[in-house]
Every structure is written in C-alpha cells, then in structure tokens.
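Asker:
Numbering (this note's numbering), first residue to last: 331 to 664.
1. Give me the DSSP bridge partner(s) of residue 467.
2. Examine the ligand MG and report whether any of its heavy atoms sits within less than 7 angstroms of the Cβ of residue 611.
3. Are the CB atoms of residue 438 and residue 585 nearer to each other than 8 angstroms?
4. Whose C-beta lies closer than 8 angstroms to the C-beta of residue 470 among residues of the same chain, with five residues either side of it excluded?
5. May I have the straight-line CA-CA distance separating residue 599 from residue 332, to the nearest angstrom?
6. Which residues in the same chain as residue 621 place their Cβ atom closer than 7 angstroms to its Cβ, once the five residues preceding and following it in sequence are excluded?
7. Within 10 angstroms of the Cβ of residue 461, are there 16 or more other Cβ atoms? Answer buried if so, exposed if not.
8. Mind the definition here: the segment 572-587 touches the segment 423-430 only if three or more C-beta pairs lie below 8 angstroms; say whether that holds.
9. Any beta-carbon of chain D closer than 8 angstroms to the one on residue 643?
10. What separation, rounded to the nearest whole angstrom, lies between the Cα atoms of residue 544 and residue 513?
11. Ignoring anything shorter than 4 residues, give me the alpha helix (DSSP H) runs that lie fully in the segment 350-432, in order along the chain.
12. Report the partner residues of residue 577 according to the DSSP bridge assignment.
13. When you compare the CB positions of residue 516 and residue 608, do they come within less than 8 angstroms of one another, or not?
14. Helix, strand or coil for residue 495? Go by DSSP, reduced to three states.
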C-alpha cells in the first residue's frame, strides 16, 4: 500500500465543517451548549451552522454490518478488562504513538500534552470509556457525541497548525489519514498486545471483535476505508509498515514521553497506587522503542515490574482484582 498519499489527506467533511464554524460561529467551541452536548439522544441546537447540524445527523448512525451482539460482546470484554486496558493506554499506547516522529510534532506543538499531560490523560480515558462501555451507542450513551467532538477537534487542530510558520510540508498534513490510522491501531492492536503481555488470554474471536469495534470507531472518526483492516493479520502488516516509515528518535517524542511519565509517577505517589512507571513502559514498549523515547529504569524497578506482571498473570488465572484496580476513574465531558 502506498501510504505517502495518506499523509497529505486530512478529513475533508470535518475540515469543511470547521471552516464554516471558524468563519461564522467560532465562539461555539467555548459555549455551554457545545460543552454539554454529550449524550446521543441530545439534538443539535437550531442556532448552530446548518453544515454542522447536517454533519452530526449524517454521522450518528452505525454501519449496516455492525452486529449488535458483536458490539455487546466487545463492550463486555472492555468492562471485564477495563483496568488493564486503561493501564495499557497510558503506559503503552500513548508513548507508542510518540515514537512516530512526524506525528509527535503535532502533539508537541499543540502544547496540550507537554503542558497538561494530566488533562490529556483524563480526556483520553474519558473518550475510551465513552465509546467502549456497555450502551455506548444507545440513545442514552455518549459514544456518538464523544467521537464527534474528537473528530472536530482533530479538524480544528489541522486548521490552526497547517499554516503555522514552523510546520514543514514534508511532515505531511497535521493529523493526516496515516497518523489517524496509526493512532487507531495503538488503541486497538497495541492494547491487545499489551493485554497479552500482562497475562490476559485473549481469544481469537475476542481479538477480532475488539479490532473491528475500533474499526467502527475509526470509521466514525473519519478514517478512510482503505486504512481500516478487517483482521489482525492485516492490522499487523499496516502497523509494521507505519512503524518502519516513521518510528525514530525525535526531540518531540522524548519530551512528550517524559512529560507523560512524570505526571503518572506524581499521580501514583499521591494515591494508593504504586507501580514502577518507567519499568512497565519499557517492558510493554520493548527495548527498541524505549531507547527512541529515552525510557530508562533501575534494576530494582525492573524487578518490581516483573513482579507486577507475574501477579497480573496470576490474577487472570484466579479471577481476582488487585487494590489498584478499584480506583475510581475521573471523567470529563469532551
């Protein structure tokens, strides 16, 4: 597959809507009506631009091949493994994305991840919960609305960054199709890989359903069909291709990983949760990506991390939860 063409492509429908909002109603983003537009059964405000209302109505329907039982099974799988899935997202998926040098530049220059890593983590966790928990796409769920807001946030970021003086054309378009596909794989394929590293026996059917569930989310986020893979083998091939093209050491990736790591470590020191953050990141990411991101750890913490992984594997056998898994998760409206 020729991925280069996808680096020059954003999300034309969403980009067109953002152009209209920025021209006619830029104050929308900070309004209470937009901030509180959070549940699937809420209707768009009739004062909003007609292009936005049309965009919302067109993108709140599941594809015809979205089988209710498959969605339900994946939502149950998420609920069962939620603590470990969120752990993988924070210690594996996000730093994994930072290894893609050009994609990391967008995250770096938007400043949100460097200056407010805690807020970004909460937003990410909230998004994942909104789209994954049981009933996410029912009338009382939040799935459609959270996906809508993330999709338009991506378009708004492209709107601001693509014409900035620092942005170089050879980096591609900010938040382009290839980068969006890579991020979707980080939240699906990489999470599955992380779960297995932590001892979860993911069945073949569970793996396929989980991947296709995130394919659905990717579709609703505006990722082109050619970049949405139907099975694990195809997803692995795309992941390897993207990594080969873009994974390398960068100042931006190193700083983003350091900010994320520092925040999680501080949060754990202030709570009942005490995990060796750097050691677990290094274990999940592997030595090659860890070196790219300057993730180092002491011999002692490596032993602690191995002990945690061993306990996690035992947990899967006996089906019991640890204290750290019982922590309440903060949620925010996107």
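Ideal Cβ positions, reconstructed from N, Cα and C, are used throughout, including at glycine.
Answerer: Straight from the coordinates:
1. For residue 467, which the question treats as bridged, DSSP gives no partner whatsoever.
2. With respect to small molecules bound, the structure shown includes none, and the ligand MG cannot be examined in it.
3. Taking C-beta atoms as the reference points, residue 438 and residue 585 count as a pair closer than 8 angstroms.
4. Within the same chain, and ignoring the five residues on either side of residue 470 in sequence, the residues whose Cβ sits closer than 8 angstroms to its Cβ are 369, 370, 371.
5. Going by the C-alpha atoms only, they are around 46 angstroms apart.
6. Cβ within range, chain order: n/a, list empty.
7. Answer is buried; the Cβ neighbour count reaches 16.
8. Under the 8 angstroms Cβ criterion, the segment 572-587 counts as touching the segment 423-430, having at least three qualifying pairs.
9. In the displayed structure, chain D is absent; only one protein chain is listed.
10. A straight-line Cα-Cα distance of about 11 angstroms links residue 544 and residue 513.
11. The segment 350-432 contains these whole alpha helix (DSSP H) runs: 362-365, 380-388, 398-418, 424-428.
12. Paired residues: 430.
13. Going by C-beta atoms, residue 516 is not nearer than 8 angstroms to residue 608.
14. Here residue 495 carries a coil assignment [DSSP, helix/strand/coil].
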